[in-house]
């Protein structure tokens, strides 16, 4: 059963072919066997999970079940879930039990979905390999010596390894799409503001966006239908009428204009990735799409711009972790300043400290204009590039990541190389656009390659349609790593 | 050398909203520690601020009242620093673009009116409180106050004396209460001032180096602190020492200011726009709605009082110290002519205000209702009682003995205006005081007053004083 999609599980539950409790127990058993090696989950709580499944079964018995009632999923450990330990991958919050639910968790719970556990992640979502987690790395189910990508590496690996049919993730610079690509699953980062950030531990507030991770485009749509929606508790949450993101799945792609930014294909990606992406584009031509050459002239600036703005916001967002009210506090200290220094020095890992330092520096008196203000101006230019591009095309396609999954430890000593993993994804966050990654083939070593699809604002339904039509004719998304299915 | 004092004030007015500026927790004062702090106030991981529109409306009201520009959009910014009673590690404030910019406030120092320019007023949240006592070497943190909405009102350095600074603070205090944006309770910290003080040689163009006195929560402390600081700065300069820019605290016990930190250890607050809050737009419609709901301002009512009842600007100023007082005056004076109006004003600014002061009461708690006061003033105006008798009647009304008419009747206090009766008393008095009559005739005017007193006394205060005067003078003048 663990190989089934959300849609299939929904159908089975509806047909009473299985109960939610049976389903949950199935996944729990599998997690108990595999998680030790893979490290996908940092917290599982079978008792809570089963209780939720029982409630879902009762709801179904009462005739009150929705599409996803009783269907299990995993939550990235960045989302506060009442009564669950919520660590954000950090020693700082290793013992923090959230007293409230994030909007996303609340919505999933309200839909009757069953939480299998909290998934591993880069510490405070800062990383592209899941190696910065205080709880140890996540291993890529396709090759356990390799990383699953990050920061939503635990969610991605759990879905790829069939330890969850779907999971929530967050994406600040590619943290849903890049791990989805590296583990051969689907991931969608919605338009900024579509999913409430309430209860999602902030990394870079103006870039953070939650989204679904699953094995098919259709499943992404089902989960996005649950996650999205206006929330007055997040001032950046957009007030829009509810929509069914799967409404256009069946539309033929004839006439679709696919933009290929020349900057994406100029250099940087490996030959295997390039070949695979080109094959995917060829498939789209077969489906009736036309290809348009476009340009995003300021694309090259997106990594430096991001590494000014995201650390700036992070340095401030992470100030609340001071050991005063909750979280890690040093055992011994001489005075207040010493308590801050030790608590934060001990509680944060190296990558988090690096970004706090960068962020503090760029916001400092005398440097603010040269870094922060300039980066904001460039951010607008990058957004304008996309606006111009979308006059010529309906969606933009390219690689999600320049490489397939790299080896554990391969880039962890070279932050700049690590940061370049997100070279194709970051601009999308800076512009606030929706972006997704779907599996589109494998490299010579049998590692999955992800195709990135970027849509215009609020064009999620069209993107899911574009991805779904591709998945009707290909089976990359159905491939499972050995021992998973 | 002659020195000129230069003062600018930064005032924190706590906005009178029921809930906090970015959360739904209540703002009420005096609750058990940490019982009025929700997840947003204690900065749990993942929580987000949501702007309280009531705080915005109050800021707009203030801006309109001082004739300022209302910026749209204004921008919320984070002011970053670490302190245990600042849960997020930053304070949400407004920095480069405040909601209110410019404006003026007119103050009255003695007989002179002066216009003080305002720089800006911006919305921000208050921090919690650190409690250093009762925790045996530890510090207690109470986050009830964290997130309380504040309007920080910044003046230009337009004040030239402690008196002017106090007059400004008082005028501002009266205004924020008048327009219902702040309860003005200084004991509870709802209205507190920081004073930027510097001195310079008279005639100098450049300002001297300023020191900022923090957190003055009474007008008396404001005055004392500035006076001390000015003396201290002048002494330093005259002794040849330069003033160092610094933040100081005023110690009410010693009456002195002492250094808290110098410019060197000033924080770099690393302000930047808060990405959790959208730029704050104020539409023209919203501005008009707030304007339409504004009460008439003190200035307008002062002008009306002067115009309709012939009051002096000084009296009108006293009567507009608060909206309640102005309303009280208006109900007392309703339908009166200028003469009665003036009498009403005198009684309110005189006896009533003295009495309220004495008993520490607000006008809302007066024991003499508007109708009662007017009833009494009418009896003075129509000659039924004298002003002197009226004082006793006022006291009787205050003591709950009823209306003026009832008290006059019950105590037989009706003024004697029958000239025959007064003449009889005058004759008796003149007969009994031959010496004083002789003195007066010898040119001693004082003796006349003494005779008036004797007549009034003989009538038990009831004789119409004007008539007594007239009759006496007629009888004494050959």
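Chains as they are written, first to last, in this note's numbering: chain A, 111 to 595; chain B, 7 to 484.
We treat Cβ as the ideally placed atom computed from N, Cα and C, and that holds for glycine.
Burial state of residue i (16 or more Cβ within 10 Å)
| i | result |
| --- | --- |
| residue 118 (chain B) | exposed |
| residue 255 (chain A) | exposed |
| residue 367 (chain B) | exposed |
| residue 447 (chain A) | exposed |
| residue 526 (chain A) | exposed |
| residue 491 (chain A) | exposed |
| residue 261 (chain A) | buried |
| residue 279 (chain B) | buried |
| residue 141 (chain B) | exposed |
| residue 264 (chain B) | exposed |
| residue 58 (chain B) | buried |
| residue 299 (chain A) | buried |
| residue 508 (chain A) | buried |
| residue 147 (chain A) | exposed |
| residue 276 (chain B) | buried |
| residue 363 (chain B) | exposed |
| residue 313 (chain B) | exposed |
| residue 279 (chain A) | buried |
| residue 379 (chain A) | buried |
| residue 574 (chain A) | buried |
| residue 26 (chain B) | buried |
| residue 34 (chain B) | exposed |
Chain A contact residues for residue i, given Cβ-Cβ distances below 7 Å
| i | result |
| --- | --- |
| residue 56 (chain B) | 342, 343 and 345 |
Neighbouring residues, chain B, relative to residue i (Cβ below 7 Å)
| i | result |
| --- | --- |
| residue 442 (chain A) | Residues of chain B passing the Cβ test: none, with the nearest at roughly 15 Å. |
| residue 600 (chain A) | Look at the range of chain A in this structure, 111 to 595, and you will see that residue 600 (chain A) is not part of it. |
| residue 218 (chain A) | Per Cβ cutoff of 7 Å: no residues; residue 218 (chain A) is ~15 Å from chain B at best. |
| residue 394 (chain A) | The contacting residues do not exist; residue 394 (chain A) stays about 36 Å from chain B at best. |
Supposed contact pair residue j and residue i - C-beta distance, whole angstroms, cut 8 Å
| i | j | result |
| --- | --- | --- |
| residue 157 (chain B) | residue 344 (chain B) | About 39 Å; that fails the 8 Å criterion. |
| residue 148 (chain B) | residue 40 (chain B) | 6 Å |
| residue 155 (chain B) | residue 21 (chain B) | 4 Å |
| residue 536 (chain A) | residue 283 (chain A) | 4 Å |
| residue 345 (chain A) | residue 284 (chain B) | 6 Å |
| residue 458 (chain A) | residue 200 (chain A) | 7 Å |
| residue 254 (chain B) | residue 9 (chain B) | Incorrect: roughly 19 Å between the Cβ atoms, too far for contact. |
| residue 490 (chain B) | residue 371 (chain B) | Outside the shown range of chain B (7 to 484) lies residue 490 (chain B), about which nothing can therefore be said. |
| residue 258 (chain B) | residue 213 (chain B) | 27 Å between Cβ atoms; not a contact. |
| residue 357 (chain B) | residue 400 (chain B) | 5 Å |
| residue 428 (chain A) | residue 234 (chain A) | 7 Å |
| residue 379 (chain B) | residue 395 (chain B) | Contact flag wrong, Cβ pair sits at about 15 Å. |
Contacts that residue i makes with chain A (C-beta to C-beta distance below 9 Å)
| i | result |
| --- | --- |
| residue 147 (chain B) | 434 and 435 |
Beta-carbon neighbours of residue i, restricted to chain B and to distances below 8 Å
| i | result |
| --- | --- |
| residue 302 (chain A) | Ordered by position in chain B, no residue passes the 8 Å Cβ test against residue 302 (chain A), which lies about 11 Å from the chain. |
| residue 474 (chain A) | 274 and 276 |
| residue 285 (chain A) | The contacting residues do not exist; residue 285 (chain A) stays about 16 Å from chain B at best. |
| residue 316 (chain A) | 281 |
| residue 470 (chain A) | 276 |
Under 8 Å from the C-beta of residue i: neighbouring residues of chain A
| i | result |
| --- | --- |
| residue 49 (chain B) | 430 and 435 |
Near the ligand NAP: residue i beta-carbon under 6 Å from a heavy atom
| i | result |
| --- | --- |
| residue 374 (chain B) | Among the components modelled here there is no ligand, and therefore nothing to report on the ligand NAP. |
Proximal residues of chain B, C-beta to C-beta of residue i below 9 Å
| i | result |
| --- | --- |
| residue 352 (chain A) | Ordered by position in chain B, no residue passes the 9 Å Cβ test against residue 352 (chain A), which lies about 21 Å from the chain. |
| residue 210 (chain A) | 45, 50, 52 and 53 |
For the segment 84-114 of chain B, enumerate the residues whose C-beta is nearer than 7 Å to any C-beta of chain A, in chain order.
-> Of all residues in the segment 84-114 of chain B, 84, 86, 88, 90, 93, 94, 95 and 96 have a Cβ within less than 7 Å of some Cβ in chain A.
Interface residues of the segment 271-305 of chain B facing chain A [CB-CB below 7 Å] = 274, 276, 278, 281, 282, 283 and 284
For the segment 482-507 of chain A, which residues have a CB atom closer than 8 Å to at least one CB atom of chain B, in sequence order?
-> 482
The segment 12-45 of chain B: positions lying closer than 7 Å to chain A by Cβ = Within the segment 12-45 of chain B, the residues whose Cβ lies closer than 7 Å to some Cβ of chain A are 45, listed in chain order.
Along the chain, which unbroken stretches of the alpha helix (DSSP H) at least 4 residues long are found entirely within the segment 126-161 of chain A?
-> 130-148
Which residues, in order along the segment 412-435 of chain A, keep a beta-carbon less than 7 Å from a beta-carbon of chain B?
-> 422, 423, 426, 429, 430, 432, 434 and 435
Contiguous beta strand (DSSP E) assignments of at least 3 residues, all confined to the segment 274-334 of chain A | 276-281, 296-299 and 319-324
Length-filtered (4 minimum) alpha helix (DSSP H) runs lying within the segment 275-302 of chain B = 290-298
Unbroken alpha helix (DSSP H) runs of length 4 or more, entirely within the segment 316-368 of chain B: which are they?
-> 319-325, 329-339, 344-353 and 359-365
Looking at chain B, which residues of the segment 183-203 of chain A have a Cβ within less than 9 Å of any of its Cβ atoms?
-> 188, 189, 190, 196, 198 and 203
Note down, in chain order, all residues in the segment 443-460 of chain A with a beta-carbon under 8 Å from any beta-carbon belonging to chain B.
-> 446 and 450
Give the residues from the segment 531-557 of chain A that approach chain B closer than 8 Å (Cβ to any Cβ), ordered along the chain.
-> none
Inside the segment 195-226 of chain A only - alpha helix (DSSP H) runs reaching at least 4 residues | Within the segment 195-226 of chain A, the complete alpha helix (DSSP H) runs of at least 4 residues are 213-220.
What runs of the beta strand (DSSP E), each 3 residues or longer, lie entirely inside the segment 198-276 of chain B?
-> 217-222, 252-257 and 262-268
Contiguous beta strand (DSSP E) assignments of at least 3 residues, all confined to the segment 51-123 of chain B | 82-86, 96-100 and 110-115
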